[in-house]
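Just so you know, the protein sequences line up as chains A and B, in that order. Take the first sequence: its position 87, counting from 1, is numbered 87 in the UniProt record's numbering, and each next residue is one higher. Take the second sequence: its position 174, counting from 1, is numbered 174 in the UniProt record's numbering, and each next residue is one higher. Ideal Cβ positions, reconstructed from N, Cα and C, are used throughout, including at glycine. Notes follow once the structure below has been shown.
2 protein chains.
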Amino acid sequence: MEFWYTEKHTNDVKFSIRVDKQLASIDSEFQRIDVFESPAFGTFLTLDGYMMLTEKDEFIYHEMIVHPAMAVHPNPENILVIGGGDGGALRELAKYPGVKTLDIVEIDKLVVDVCKKWLPQTACGFDDSRVRVFYQDGLKYVRSCIDKYDIIIVDSTDPFGPGEGLFTKEFYGNCFKALKEDGIMVNQHESPFYPKDAEAMQRAHKRITESFGICRVYQAHIPTYPSGHWLFGFASKKYHPVRDLKVRKWKALDLKTHYYNTNLHAGSFALPNYVEEILRNVESEE
Amino acid sequence: MEFWYTEKHTNDVKFSIRVDKQLASIDSEFQRIDVFESPAFGTFLTLDGYMMLTEKDEFIYHEMIVHPAMAVHPNPENILVIGGGDGGALRELAKYPGVKTLDIVEIDKLVVDVCKKWLPQTACGFDDSRVRVFYQDGLKYVRSCIDKYDIIIVDSTDPFGPGEGLFTKEFYGNCFKALKEDGIMVNQHESPFYPKDAEAMQRAHKRITESFGICRVYQAHIPTYPSGHWLFGFASKKYHPVRDLKVRKWKALDLKTHYYNTNLHAGSFALPNYVEEILRNVESEE
């Protein structure tokens with residue numbers, strides 16, 4: 001028997017992973033949640049059929065959505081994660097002794113429950129005593145927050161389905177207000193390669209530039225995401241993502257990371273010309 | 001009708017591209033050569049069933065195998081390409097007015113013929129008047145060269161089949177001798193992600209360090225190669241790949257590139273921790 005999970009990265013490109021068995025399949029109020037066991041990537045989670053994370057490469061995504069902002073902000077104490085129900089972003093954030101509160105707003109409690117059961121090495125982020133979990137709509141949650149967070153990590157799904165509202169101008173504006181005067185917002189920013197993904201990335205970037213003074217994009221190699229070339233948005237009120245990187249301070253923390261380091265931090269903001277062009281086109285559209 | 005090209009990136013991971021039609025299929029003396037037309041990637045070439053290049057993303061590979069060395073060497077005049085029968089590396093090299101001779105050694109004339117017919121936007125590299133083509137085994141060719149080239153680009157296939165000899169200690173040693181006293185060799189260096197590819201990458205790096213004093217590895221995002229995370233080796237007798245980068249000089253040339261730029265050059269040498277660890281293990285094995 002051959003058993004394969006296949007995701008269409010576009011209508012004309014497929015990525016398939018051999019599956020040993022399906023571990024869970026649940027229809028929540030918001031989405032379909034599936035967990036598979038695979039020889040190449042270990043356990044992996046999909047939402048509505050789209051790859052969210054695999055045991056083997058989730059460290060790349062989670063380290064890269066967390067550490068760049070944490071290494072730039074001089075004193076990040078109050079952190080908000082929106083989405084991120086797998087706990088991976090929390091796990092990375094909890095490595096910092098200086099963090100005082102770690103709030104997470106996840107709309108779908110079942111995602112958390114499933115990850116705690118099947119992906120404990122990722123969901124262990126929830127075990128930290130500084131974590132407070134709010135099961136509600138991130139969009140609504142940030143509306144009521146003012147001047148509260150040092151860093152907001154928007155660890156959303158793709159810009160359709162339950163994650164759609166997390167790619168709107170209103171949401172980014174509310175994140176801006178929820179941040180303190182020197183706050184930083186990081187979001188997962190889709191891929192620049194396939195035209196449909198590049199459009200989503202371009203739209204998100206345009207909307208973020210309408211709220212934040214400093215908007216930069218950085219990249220990572222994530223093998224299980226479409227094209228393997230993934231982007232993150234770094235939106236900041238005060239700190240520059242490269243010039244304000246605290247290299248010595250971050251190294252002194254002596255955190256264990258498998259992908260991130262401070263050299264790579266600076267390098268990840270150096271984008272290919274074709275990506276820079278997509279981002280420039282956004283800025284000149286207005 | 002659905003018509004798909006599928007490559008197994010490992011025994012347990014498949015990457016598939018929808019095909020409109022097959023344009024060519026030839027068995028040469030060395031390998032099977034296929035050309036397909038696809039909606040997502042345009043025309044693409046495979047050798048023995050492995051993806052070599054697609055119209056849509058070949059610019060990344062060819063820019064990244066050529067420009068880093070050209071932007072570091074102060075006066076690259078005599079260049080050798082080994083493999084590279086598609087002409088893409090030649091096309092990028094031919095952009096430099098200072099280049100005097102552009103030698104290419106390709107073992108399989110049919111690859112060149114097929115690319116000239118079906119991938120003219122890549123094979124146009126052969127049109128430059130400085131190009132001299134030698135249809136022979138690159139391994140044998142470099143044996144007879146001493147102190148001849150400023151830069152050698154090893155644009156090989158994977159380390160099995162016809163490309164195997166281009167990953168040996170003997171070959172790298174002969175490249176060292178074929179280079180002038182301040183020469184640079186760049187080679188395609190496989191991917192760090194899947195264990196089998198990482199082993200090939202590690203082996204190649206180990207063998208190169210046995211000949212060259214300066215051995216660094218840099219990375220690029222290539223969507224159609226396994227994992228999308230691709231490495232190149234930068235082996236040098238004198239110049240450091242980042243400290244000796246001639247930013248102003250390179251910018252003054254005003255070359256058109258879609259991926260490469262001098263910021264990205266420096267950034268591409270900043271590798272993830274897990275890749276650095278694989279490379280370090282090589283060095284400590286001895």
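Contact set between residue i and chain A, taken where Cβ atoms lie within less than 8 Å
| i | result |
| --- | --- |
| residue 281 (chain B) | Going along chain A, no residue has its Cβ under 8 Å from residue 281 (chain B), so there is no contact; the nearest lies around 14 Å. |
| residue 89 (chain B) | Result: empty, since nearest Cβ-Cβ is about 18 Å, beyond 8 Å. |
Span separating the alpha-carbon of residue i from that of residue j
| i | j | result |
| --- | --- | --- |
| residue 214 (chain A) | residue 61 (chain A) | 22 Å |
| residue 105 (chain B) | residue 198 (chain A) | 38 Å |
| residue 147 (chain A) | residue 183 (chain A) | 9 Å |
| residue 68 (chain B) | residue 159 (chain A) | 36 Å |
| residue 12 (chain B) | residue 227 (chain A) | 18 Å |
| residue 253 (chain A) | residue 102 (chain A) | 18 Å |
| residue 57 (chain B) | residue 49 (chain B) | 18 Å |
| residue 87 (chain A) | residue 109 (chain A) | 12 Å |
| residue 27 (chain B) | residue 125 (chain B) | 24 Å |
| residue 93 (chain B) | residue 209 (chain B) | 26 Å |
| residue 286 (chain A) | residue 169 (chain A) | Residue placement at residue 286 (chain A) is flagged as unreliable, the pLDDT there being 47, under the threshold of 50; the coordinate-derived value follows with that caveat. Their backbone Cα atoms lie some 15 Å apart in a straight line. |
| residue 282 (chain B) | residue 205 (chain B) | 7 Å |
| residue 32 (chain B) | residue 9 (chain B) | 18 Å |
| residue 262 (chain A) | residue 275 (chain B) | 15 Å |
| residue 128 (chain A) | residue 97 (chain A) | 11 Å |
| residue 250 (chain B) | residue 71 (chain B) | 6 Å |
| residue 17 (chain A) | residue 4 (chain A) | 6 Å |
| residue 144 (chain A) | residue 207 (chain A) | 20 Å |
| residue 265 (chain B) | residue 176 (chain A) | 33 Å |
| residue 294 (chain A) | residue 116 (chain A) | Missing from the structure shown is residue 294 (chain A); chain A here goes from 1 to 286 and no further. |
Per-residue contacts from residue i into chain B (C-beta, under 7 Å)
| i | result |
| --- | --- |
| residue 15 (chain A) | 15 |
| residue 274 (chain A) | 258 and 259 |
| residue 263 (chain A) | 270 |
| residue 138 (chain A) | Going along chain B, no residue has its Cβ under 7 Å from residue 138 (chain A), so there is no contact; the nearest lies around 29 Å. |
| residue 39 (chain A) | 12 |
Chain A residues whose Cβ lies nearer than 7 Å to that of residue i
| i | result |
| --- | --- |
| residue 229 (chain B) | 221, 223 and 228 |
| residue 193 (chain B) | 223 |
Which of helix, strand or coil DSSP assigns to residue i
| i | result |
| --- | --- |
| residue 275 (chain B) | helix |
| residue 246 (chain B) | coil |
| residue 24 (chain A) | strand |
| residue 280 (chain B) | helix |
| residue 219 (chain A) | strand |
| residue 15 (chain A) | strand |
| residue 126 (chain A) | helix |
| residue 270 (chain B) | coil |
| residue 34 (chain A) | strand |
| residue 252 (chain B) | helix |
| residue 286 (chain A) | Because residue 286 (chain A) sits at a pLDDT of 47, beneath the cut-off of 50, its placement in the model cannot be relied upon, and the following sentence gives the value as read from the coordinates. Reduced to three states, the DSSP call for residue 286 (chain A) is coil. |
| residue 2 (chain B) | coil |
| residue 229 (chain A) | strand |
| residue 45 (chain A) | strand |
| residue 117 (chain A) | helix |
| residue 101 (chain A) | strand |
| residue 109 (chain B) | helix |
| residue 10 (chain A) | strand |
Residue of the options minimising C-alpha distance to residue i
| i | options | result |
| --- | --- | --- |
| residue 81 (chain B) | B:151, B:97, B:52 and B:200 | B:151 |
| residue 130 (chain A) | A:99, A:165, A:109 and A:140 | A:99 |
| residue 83 (chain B) | B:138, B:44, B:169 and B:186 | B:138 |
| residue 190 (chain A) | A:243, A:222 and A:41 | A:222 |
| residue 178 (chain A) | A:258, A:78, A:41 and A:63 | A:78 |
| residue 34 (chain B) | B:256, B:180 and B:53 | B:53 |
| residue 219 (chain B) | B:121, B:142, B:38 and B:63 | B:63 |
| residue 230 (chain B) | B:268, B:2, B:145 and B:172 | B:268 |
| residue 278 (chain A) | A:193, A:240 and A:251 | A:193 |
| residue 174 (chain A) | A:188, A:247 and A:154 | A:154 |
| residue 111 (chain B) | B:132, B:171 and B:45 | B:45 |
| residue 185 (chain B) | B:142, B:203, B:47 and B:161 | B:142 |
| residue 201 (chain B) | B:256, B:234 and B:21 | B:234 |
| residue 75 (chain B) | B:244, B:114 and B:6 | B:244 |
| residue 136 (chain A) | A:118, A:115 and A:162 | A:162 |
| residue 25 (chain B) | B:14, B:15 and B:37 | B:37 |
| residue 89 (chain B) | B:123, B:236 and B:15 | B:123 |
Chain A residues whose Cβ lies nearer than 9 Å to that of residue i
| i | result |
| --- | --- |
| residue 213 (chain B) | Simply none; closest approach about 21 Å. |
| residue 207 (chain B) | Going along chain A, no residue has its Cβ under 9 Å from residue 207 (chain B), so there is no contact; the nearest lies around 24 Å. |
| residue 248 (chain B) | Within chain A, no residue comes near residue 248 (chain B); the closest Cβ sits about 17 Å away, beyond 9 Å. |
Interface residues of chain B facing residue i [CB-CB closer than 9 Å]
| i | result |
| --- | --- |
| residue 266 (chain A) | 266, 267 and 270 |
| residue 243 (chain A) | By Cβ distance, chain B contributes nothing, its closest Cβ being about 14 Å from residue 243 (chain A), past 9 Å. |
Chain D contact residues for residue i, given Cβ-Cβ distances below 9 Å
| i | result |
| --- | --- |
| residue 216 (chain B) | Looking for chain D here will not work: the only protein chains present are A and B. |
Where residue i meets chain B, residues with beta-carbon distance less than 8 Å
| i | result |
| --- | --- |
| residue 203 (chain A) | Those do not exist, as residue 203 (chain A) stays about 21 Å from chain B at its closest Cβ, beyond 8 Å. |
Quiz item: What are the complete alpha helix (DSSP H) segments, minimum 4 residues, inside the segment 141-211 of chain B?
Solution: 169-178 and 195-209
Exercise. List in chain order: all unbroken alpha helix (DSSP H) runs of 4+ residues lying wholly within the segment 54-97 of chain A.
Key: 58-72 and 88-93
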